[in-house]
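A.B. asks: Residues 15 to 375 in the numbering used here are what the sequence shown lists, from first letter to last. Where a beta carbon is used, it is the ideal one built from N, C-alpha and C, also for glycine.
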Amino acid sequence: MSNCSFPHLIDLNNYPVSAWDRITDLAIDIKRNPRIYIGACSGRIMATLFYEPSTRTQMSFQAAMLRLGGGIIGFDNPNNSSVAKGESIKDTAKIVSSYSDIVVMRHFLEGASKAAALTSDCPIVNAGDGGHLHPTQTLTDLLTLKAEKGTLSGLTVGFCGDLKNGRTVHSLLKALSCYENNKFVFISTEELKVPDYIKDIVRAAGKRYSEINNLEDAIPELDMLYMTRIQQERFSSAEEYQKQKHVFCLDEKKMQLAKKDMIVMHPLPRVDEIAVSVDGDPRALYFKQANYGMYVRMSLVLSVLYENIDAKPLIVGREYPNVCCRNPKCISNHETSLPHIFRENNGVLECEYCDGRQISN
Ligand code: ASP
């Protein structure tokens with residue numbers, strides 16, 4: 015377990031809240047004065063390793079680096095790389111990090127970026143690890159809120175859709191729980207509720223939340239509505255997905271029930287959970303949000319490469335060689351060479367990779 019000293023961004027909580035604020039403030043400046051930053055990353059290389067599909071995250075990171083004058087390498091189809099020959103994340107990260115200055119990685123398994131960070135020779139940025147976390151989407155979301163609502167505090171935020179598998183929801187909830195007087199309304203079916211471990215974090219931060227299965231009832235009190243797609247790729251069967259899809263749809267009629275200054279955000283892609291007719295409503299900010307994503311990633315790259323971010327230690331737990339994480343989607347159950355690392359929290363062991371609590375001997 016070496017190389018933990020880089021400012022890896024695996025979970026936004028790896029960085030202090032003051033760093034989130036600096037990164038979003040810098041992004042606002044870059045958006046206003048883009049010329050100043052041309053060439054700021056000249057001679058630097060970013061690797062983007064995408065083991066799972068992406069449009070916005072991958073391209074906005076690449077555009078960010080190109081706009082800063084840096085270069086990019088990487089893959090978006092692991093089958094064209096040595097992954098197809100059976101290479102582990104550990105080995106891929108070791109090699110690619112020796113060719114680059116920053117590695118941005120998306121993977122379908124939870125905890126994969128943290129596993130990569132354990133051997134990486136440069137900072138790793140988690141661009142989404144399965145249904146777990148998506149910290150750079152959260153930076154995008156914080157920037158959008160800051161720029162469009164003028165605050166990150168005192169907000170009533172509704173989260174609607176697949177709150178169980180939506181990694182953007184998990185990361186944003188953890189982040190908004192760190193700001194004063196926010197409260198949350200979780201709008202989902204019984205099957206797709208926010209995981210308990212995230213609710214515990216929200217509660218521990220002293221924030222209130224309610225759970226409801228009806229968007230019409232929730233919408234009038236919201237300052238921001240965060241719509242999400244039902245995450246088809248995380249379901250174990252097509253039947254289960256069929257039961258969940260198209261339960262929630264934001265349309266013009268529901269928008270009439272909302273406050274005049276409520277904003278609608280969505281990490282995108284949209285499937286059918288927002289009617290296209292809502293796009294013209296000035297409160298629909300999801301396309302603008304995607305554009306903020308590029309500026310915040312420019313800011314993040316600059317901060318990781320040139321600032322002294324006071325990142326928390328990558329690993330706080332210790333090795334338990336005989337304990338296995340029970341989450342079948344956890345990277346530790348797929349890369350057998352990884353050390354089994356757990357944190358102890360009130361007598362419960364939590365997996366360092368996926369935050370899963372259910373462990374067995
Ligand atoms: N683009 C987001 C993600 O990668 C949201 C989604 O895919 O639904 O998690």
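In whole angstroms, what is the alpha-carbon distance linking Ser167 and Cys192?
C.D. replies: What you label residue 167 is simply residue 153 of the sequence shown in a count that begins at 1. What you label residue 192 is simply residue 178 of the sequence shown in a count that begins at 1. Each residue's alpha carbon lies about 9 Å from the other.
A.B. asks: Return the bridge partner residues of Glu358 from the DSSP annotation.
C.D. replies: Counted from its first residue, the sequence shown places residue 358 at position 344. The partner list for Glu358 (beta bridge, DSSP) reads Leu363.
A.B. asks: Which value, in whole angstroms, describes the spacing of the CA atoms of Cys344 and Asn305?
C.D. replies: Reading the sequence shown from its first residue, position 330 is the one you call residue 344. Reading the sequence shown from its first residue, position 291 is the one you call residue 305. Whole-angstrom Cα-Cα distance: 31 Å.
A.B. asks: By a C-beta neighbour count over all protein chains shown, 10 Å radius and 16 as the cutoff for buried, is Ser127 buried or exposed?
C.D. replies: Counted from its first residue, the sequence shown places residue 127 at position 113. Buried: at least 16 other Cβ atoms inside 10 Å.
A.B. asks: Of all the beta strand (DSSP E) runs that stay within the bounds of the stretch 138-176, which reach a length of 3 or more residues?
C.D. replies: Counting only runs of 3 or more, we get 138-143, 170-174.
A.B. asks: Measure how close the beta-carbons of Arg297 and Met276 come, nearest whole angstrom, since I'm counting them as under 8 Å.
C.D. replies: As a position in the sequence shown, residue 297 is number 283, starting the count at 1. As a position in the sequence shown, residue 276 is number 262, starting the count at 1. The pair is a contact, with the Cβ atoms about 6 Å apart (cut-off 8 Å).
A.B. asks: In the DSSP assignment, find the unbroken alpha helix (DSSP H) run with Phe262 in it and report its ends.
C.D. replies: Locating residue 262 in the sequence shown gives position 248, counting from the first residue. Phe262 -> no alpha helix (DSSP H), and no H or E assigned at all.
A.B. asks: How would you call Asn28, buried or exposed, if buried means at least 16 neighbouring beta carbons within 10 angstroms?
C.D. replies: On the sequence shown, position 14 is the one that residue 28 refers to. Looking at its Cβ environment, which holds 16 or more other Cβ atoms inside 10 Å, Asn28 is buried.
A.B. asks: When you compare only the Cα positions, how much space is there between Leu10 and Ile116?
C.D. replies: There is no way to answer for residue 10, as the model of the chain reaches only from 15 to 375.
A.B. asks: Residue ranges of each beta strand (DSSP E) run of no fewer than 3 residues wholly in the stretch 175-237, ordered along the chain?
C.D. replies: The stretch 175-237 contains these whole beta strand (DSSP E) runs: 197-201, 222-226.
A.B. asks: Provide the residue(s) that pair with Thr62 in DSSP beta bridges, ordered along the chain.
C.D. replies: Stepping through the sequence shown from its first residue, residue 62 is reached at position 48. Thr62 pairs with Gly88, Val118.
A.B. asks: Could you tell me if the beta carbon of His148 falls within a distance shorter than 7 Å of some heavy atom in the ligand ASP?
C.D. replies: By one-based count along the sequence shown, residue 148 stands at place 134. Yes, the beta carbon of His148 sits closer than 7 Å to at least one heavy atom of the ligand ASP.
A.B. asks: Quick one: does the C-beta of Gly142 sit closer than 7 Å to a heavy atom of the ligand ASP?
C.D. replies: For this step, residue 142 is matched to residue 128 along the sequence shown. Yes - the ligand ASP has a heavy atom lying nearer than 7 Å to the Cβ of Gly142.
A.B. asks: What did DSSP end up calling Met376 once you bin it into helix, strand or coil?
C.D. replies: This structure leaves residue 376 out entirely; the chain is present only between 15 and 375.
A.B. asks: Could you tell me whether any non-hydrogen atom of the ligand ASP is closer than 7 Å to the CB of Arg70?
C.D. replies: Numbered from 1 along the sequence shown, position 56 holds the residue referred to as residue 70. Flag set: Cβ of Arg70 near the ligand ASP.
A.B. asks: Secondary structure at Asn17, three-state DSSP: helix, strand or coil?
C.D. replies: Along the sequence shown, one-based indexing puts residue 17 at 3. Legend: pLDDT at Asn17 = 49, less than 50; position of this residue unreliable, value from coordinates given subsequently. In this structure, Asn17 counts as coil in the three-state DSSP scheme.
A.B. asks: Which stretch, first to last residue, makes up the alpha helix (DSSP H) that contains Met276?
C.D. replies: Working through the sequence shown from its first residue, we reach residue 276 at position 262. From DSSP, Met276 is part of no alpha helix (DSSP H); its letter is neither H nor E.
A.B. asks: Given a cut-off of 8 Å, decide if Ser317 and Ile37 are closer than it, judged by their beta-carbon atoms.
C.D. replies: Reading the sequence shown from its first residue, position 23 is the one you call residue 37. Reading the sequence shown from its first residue, position 303 is the one you call residue 317. Closer than 8 Å, so yes.
A.B. asks: I need the boundaries of the alpha helix (DSSP H) containing Asp105, first residue and last residue.
C.D. replies: Counting from one through the sequence shown, the residue named residue 105 turns up at place 91. Its alpha helix (DSSP H) spans residues 103-113.
A.B. asks: Please give me, in chain order, every unbroken run of the alpha helix (DSSP H) with length at least 4 that falls completely inside the stretch 299-350.
C.D. replies: Taking only runs of at least 4 residues, the alpha helix (DSSP H) segments lying wholly in the stretch 299-350 are 300-320.
A.B. asks: Within its chain, find whatever has a CB closer than 7 Å to the CB of Ser185; leave out the 5 residues flanking it on each side and keep chain order.
C.D. replies: Here residue 185 refers to the residue found at position 171 when the sequence shown is read from its first residue. The answer, listed in chain order, is Leu26, Leu147, His148, Pro149, Gln151, Thr152.
A.B. asks: Who are the Cβ neighbours of Leu239 in its own chain at under 6 Å, not counting the five residues just before and after it?
C.D. replies: As a first step, residue 239 is located in the sequence shown; it is residue number 225 there, counting from the start. Taken in chain order, the residues that qualify are Gly172, Val278.
A.B. asks: Just to check my reading of the structure: Leu264 and Ile288 have Cβ atoms closer than 8 Å, yes? What is that Cβ distance to the nearest angstrom?
C.D. replies: Taking the first residue of the sequence shown as 1, we reach residue 264 at position 250. Taking the first residue of the sequence shown as 1, we reach residue 288 at position 274. Their Cβ separation, rounded to whole angstroms, is 5 Å, which keeps Leu264 and Ile288 in contact under 8 Å.
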